[in-house]
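Data block below; observations after.
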Amino acid sequence: MGLIVAALILAIVLVYLMTSIKIVRQGYHYTIEHFGRFTTVAKPGFNFYPAFFYRVGRRVNMMEQVIDIPGQEIITKDNAMISTDGVVFFQVLDSAKAAYEVSDMHMALMQLTTTNLRTVMGSMDLDETLSKRDEINARLLSVVDHATTPWGVKITRVEIKDIRPPADIVNAMGRQMKAEREKRANILDAEGTRASEILRAEGQKQARILEAEGRKESAFRDAEARERAALAEASATRAVSEAIQGGNTQAINYFIAQKYVEAIGKFATSPNAKTILFPVEATQLMGTLGGIGELARDALSGSGSGSGSGSGSGSSGSAPVVPTVSKGPFEQGQQQQ
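Under this note's numbering, the residue at position 55 of the sequence shown is numbered 37, and the numbers go up by one with no gaps.
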């Protein structure tokens, strides 16, 4: 009988000891209550708290957690209806506050984030909500983290997953985007055309400058050529004059014949000349040139003996030779008539 009682007492002690040992897993904290009152926090590992006097109140997850914010309809500042949802990442820093300062922490965080999401996005225009998602996340993070500080919770991140405008607004945005792209394309085309016109105008300007320089150079060359021709003409005239002074009748004959041929050539090349009448024949031209030469020789001999006796020169010199011009066929026919 005594052995049975001892065994029973031993079993009761073992059961008591087993129920007093608390093994806490990594990443969790257990709140320990003494007769229903919070006393301490059991950390991960082996913990011993006498049974019936102490019990585990709450098991608190100390790891980072995430809450999915369900989609909701929000009216923006410019009265546009949009649908949005998001996620909240948080971590419990104070297990006692998380266990006893709020009854349902997950529900509280969800409701708090939802209401502040409406507040933040409702104060912005539709364009701002679509383009300033990072600003929305930052404002939500600041507001929600400040509100959950008394709960011993740290909000690490708040992310907006999706923002869905109404279908008509999406279509209008698509048309606006298309118009903007067409506008940019037209601007680029206009700029390209402008640059092309500028380059073309620059090219034409350079071409005109080069053409003007070419005309200037050509005029300079023409003037130089005319100057050289005039110098040559003056030199030839001077040579003829010197030949006449020296009594060389061949030179004056050559000079007069050359001028005569040049005059006939100009008549022949004139655009208004339809018919050219030669007053003399070729043989008569030679006779005329010979007569002119005799006149020049007599003039030179007269000038040489003028300082002596005038009568001697009159008797010894020959009379001026007048070039005989034979009549052409046309003149002979008129004389016969």
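Think of the CB as a built atom: it goes at the ideal place given N, C-alpha and C, for glycine as much as any other residue.
- Taking a cut-off of 8 Å on C-beta distances, the segment 174 to 186 does not touch the segment 81 to 90, as fewer than three cross pairs fall below it.
- Beta-bridge annotation (DSSP): M63 is paired with I57.
- Rounded to the nearest whole angstrom, the CA to CA distance from S77 to R7 is 14 Å.
- Put simply, the backbone Cα of N61 is about 21 Å away from that of L122.
- In its chain, beyond the 5 residues on either side, F71 have a beta carbon closer than 6 Å to the beta carbon of R139.
- The DSSP-derived three-state label of R7 is coil.
- Beyond the five residues adjoining it in sequence on each side, N119 comes within less than 7 Å, by CB distance, of V140, E141, I142 in the same chain, given in chain order.
- Only exposed fits V(-13), as fewer than 16 other CB atoms lie within 10 angstroms of its CB.
- In the three-state reduction of the DSSP assignment, E184 falls in the helix class.
- Within the DSSP bridge table, the entry for T22 names I14 as partners.
- Within its own chain, the residues whose Cβ lies closer than 8 Å to the Cβ of R100, once the five positions on either side in sequence are excluded, are Q54, I56, listed in chain order.
- Counting only residues of its own chain and dropping the five nearest sequence neighbours on each side, S105 has a CB closer than 7 Å to the CB of K59.
- Exposure of L(-10) is indicated by the presence of fewer than 16 other C-beta atoms within 10 angstroms of its C-beta.
- In this structure, I64 and T111 form a Cβ contact; the two beta carbons are roughly 7 Å apart against a cut-off of 8 Å.
- Excluding sequence positions up to five before and after T96, its CB lies within less than 7 Å of the CB of I51, Q54, all in the same chain and listed in chain order.
- In chain order, Y10, H11, Y12, T13, V74, S77, A80, A81 place their CB closer than 8 Å to the CB of V42, counting only its own chain and leaving out the 5 sequence neighbours on each side.
- Counting of Cβ neighbours within 10 angstroms places V125 among the buried residues, the total reaching 16 or more.
- Between I3 and F30, the C-beta spacing is below 8 Å.
- Along the length of the segment 107 to 135, whole alpha helix (DSSP H) runs at least 4 residues long occupy 108 to 113, 115 to 130, reported in chain order.
- For F34, the three-state secondary structure derived from DSSP is coil.
- Assignment of V102 by DSSP, reduced to helix, strand and coil, places it in the helix class.
- Beta-bridge pairing by DSSP links E141 to V69.
- Under the three-state reduction of DSSP, D50 is assigned to strand.
- Y(-2) is positioned such that its CB atom lies closer than 8 Å to that of A33.
- A direct Cα-Cα distance of roughly 10 Å separates L170 from R163.
- By the beta-carbon neighbour count (other beta carbons within 10 angstroms, threshold 16), V152 is exposed.
- Residue state for V74 is assigned as strand, using DSSP reduced to three classes.
- Put simply, the backbone Cα of R115 is about 55 Å away from that of Q188.
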